[in-house]
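In the numbering used here, the protein residues as written are 5 to 189.
Backbone N, C-alpha and C define an ideal beta-carbon position, used for all residues, glycine too.
This one's a predicted model, so the numbers in the text were calculated from it and none came from an experiment.
Reading through the structure tokens given below for one structure.
Right under this line is the structure:
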């Protein structure tokens with residue numbers, strides 16, 4: 005049977021029950037201290053290499069900007085920072101250049117599991133990491149591992165990325181990326 009509405013609400017004879025009390029606890033998210041927690045130097049003792057670390061973002065295509073100066077490494081500013089409770093500190097750099105020679109990350113594919121890496125914070129405090137994995141990933145497959153490399157909820161670690169593998173003369177670039185993952189000592 006159809007019903008009609010007069011637009012009036014029925015009268016209530018009892019007061020409505022109060023809504024249950026809900027308590028929300030907000031845990032402050034860790035934040036980076038812009039002065040002390042940003043990396044400033046990367047040292048690779050096995051190769052006797054030290055490189056300045058500069059902050060980098062994304063290019064217009066969504067890729068991490070690699071510093072023009074091949075002697076410098078770039079800290080991706082949306083990755084974790086020194087002392088973060090979790091996530092990957094991502095550093096990118098050049099392997100080499102036809103004009104300028106060896107870059108800051110030249111030869112990282114030859115690091116050995118257990119080798120030491122030292123990342124120095126802006127305040128001069130050194131933080132030591134041990135290499136746990138070295139892998140080569142074809143650039144055409146890199147998008148399939150982005151979350152593993154850049155994941156902000158992954159364990160705290162240092163990740164170095166450079167070019168490597170076979171060199172494509174026609175394109176003027178390497179076909180793979182070398183990814184080194186290191187964990188705090």
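In this structure, residue 53 keeps its C-beta atom at 7 Å or more from the C-beta atom of residue 60. Remark: three or more beta-carbon pairs, one from each stretch, lie closer than 8 Å, so the stretch 154 to 170 and the stretch 84 to 92 are flagged as touching. With a contact defined as Cβ atoms closer than 8 Å, residue 149 and residue 168 miss out at about 15 Å. Around the Cβ of residue 55, a 10 Å sphere holds 16 or more other Cβ atoms; the residue is buried. Annotation for residue 152: the continuous alpha helix (DSSP H) segment containing it runs 150 to 154.
For the pair of segments examined, the stretch 43 to 52 was found to touch the stretch 115 to 134: the number of CB pairs separated by less than 8 Å reaches three.
In the three-state reduction of the DSSP assignment, residue 188 falls in the strand class, which pools E and B. Annotated three-state conformation of residue 147 is helix, per DSSP.
Cα atoms of residue 179 and residue 135: separation of roughly 23 Å, rounded to the nearest angstrom.
The beta carbon of residue 137 sits closer than 6 Å to the beta carbons of 185 from its chain, once the five residues preceding and following it are set aside; these are given in chain order. Annotation: residue 72 is outside any beta strand (DSSP E) and is labelled neither H nor E by DSSP. Taken in chain order, the whole beta strand (DSSP E) runs of length 3 or more contained in the stretch 100 to 125 are 120 to 125. Residue 177 holds the alpha-carbon nearest to the alpha-carbon of residue 102 among 187, 189 and 177. Taking each of 50, 132 and 83 in turn and checking the Cα distance to residue 165, the smallest one comes out for 83. For the 7 Å CB-CB criterion, residue 99 and residue 109 form a contact.
Residue 83 carries a coil assignment under DSSP once its states are collapsed to helix, strand and coil.
Comparing alpha carbon positions, the residue from 120, 73 and 105 closest to residue 50 is 120. Per the DSSP secondary-structure output, residue 164 pairs in a beta bridge with 95 and 184.
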